[in-house]
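Single-structure report; data block below.
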Amino acid sequence: MKNSHWGSALVNGIGLISNLMALYAANFVYENPYATGFGGHFQYLTILGLTTATLACAVKLIRFFIPGAMEVCYEVLTNIATPMEGLISLLYWSMVFLEPTLLIPEDMPPIPVVVDCALHLYPALFLWIDFLVFNIDFKRSPRHVAVIYGFAMFYLAWSWLCQTQNGHWPYPFLDKLTPVPRAGFYLFCGTLCWIIYEAGMSK
10 MKNSHWGSAL VNGIGLISNL MALYAANFVY ENPYATGFGG HFQYLTILGL
60 TTATLACAVK LIRFFIPGAM EVCYEVLTNI ATPMEGLISL LYWSMVFLEP
110 TLLIPEDMPP IPVVVDCALH LYPALFLWID FLVFNIDFKR SPRHVAVIYG
160 FAMFYLAWSW LCQTQNGHWP YPFLDKLTPV PRAGFYLFCG TLCWIIYEAG
210 MSK
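The working numbering puts the first residue of the sequence shown at 10, with every later residue one more than the last.
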């Protein structure tokens, strides 16, 4: 078996463990009273991205032992998770650096650094290391771009549904936007995710 396959398996194995620990911490270690409403933790893009990344790592490990297995799941999960985790890390750290209350309500305690990195940094690192270093056979497809924009529209609809039930948007800055700029932000995120995807294709 090629060394690249073993390297990919190692990265995805570590990534899977890290992601599972992050999901555990988000649910049982760090207390977030805003996650008790409709949608729970899954109203947050961070948790949706982390869950998708976890599934992607798991499928990659399955394919290490059973080559060619779960082809459709692999393609969909990988091409959502990899650019989306890049987007999450880019947006999160830049916005937290500028003003943490854009994303974290003022009445919430700060997220411990270890948990913060496990949620908003490590998933992107593991996915992109695997993609840029070990995934040499990947080919660009317009379907991937359609999936990216489709997920952006799904999250707009999903977060709107959560807002109608909870009385607030998942992130504080979204409450301050009117409908048109808010929809524009989701479109911007989808486009930025596509740009990240295209940048990765040029490796």
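All C-beta atoms in this analysis are idealised placements derived from N, C-alpha and C, irrespective of residue type, glycine included. Remember, predicted model here, so these are calculated numbers, not experimental data.
Query, Result
"Assigned secondary structure, residue 178 (DSSP; H/G/I helix, E/B strand, else coil)", "coil"
"With 16 other Cβ atoms within 10 Å as the buried cut-off, status of residue 161", "buried"
"Beta-carbon proximity list for residue 66, same chain, < 6 Å, skipping 5 on both sides", "21, 24, 25"
"Terminal residues of the alpha helix (DSSP H) in which residue 46 lies", "Here residue 46 belongs to no alpha helix (DSSP H), and DSSP marks it neither H nor E."
"Nearest-angstrom Cα separation, counted from residue 96 out to residue 202", "6 Å"
"Rounded C-alpha distance that separates residue 184 from residue 77", "44 Å"
"CA nearest to the CA of residue 166, picked from 43, 52, 33, 206", "52"
"Cβ pair residue 126, residue 47 closer than 8 Å", "no"
"Reduced DSSP category for residue 150 - H, G, I as helix; E, B as strand; rest coil", "coil"
"Validate contact between the segment 186-197 and the segment 88-105 using beta carbons, cut 8 Å, 3 pairs", "no"
"8 Å Cβ cutoff met for residue 17 and residue 135", "no"
"DSSP three-state assignment for residue 41, whether helix, strand or coil", "coil"
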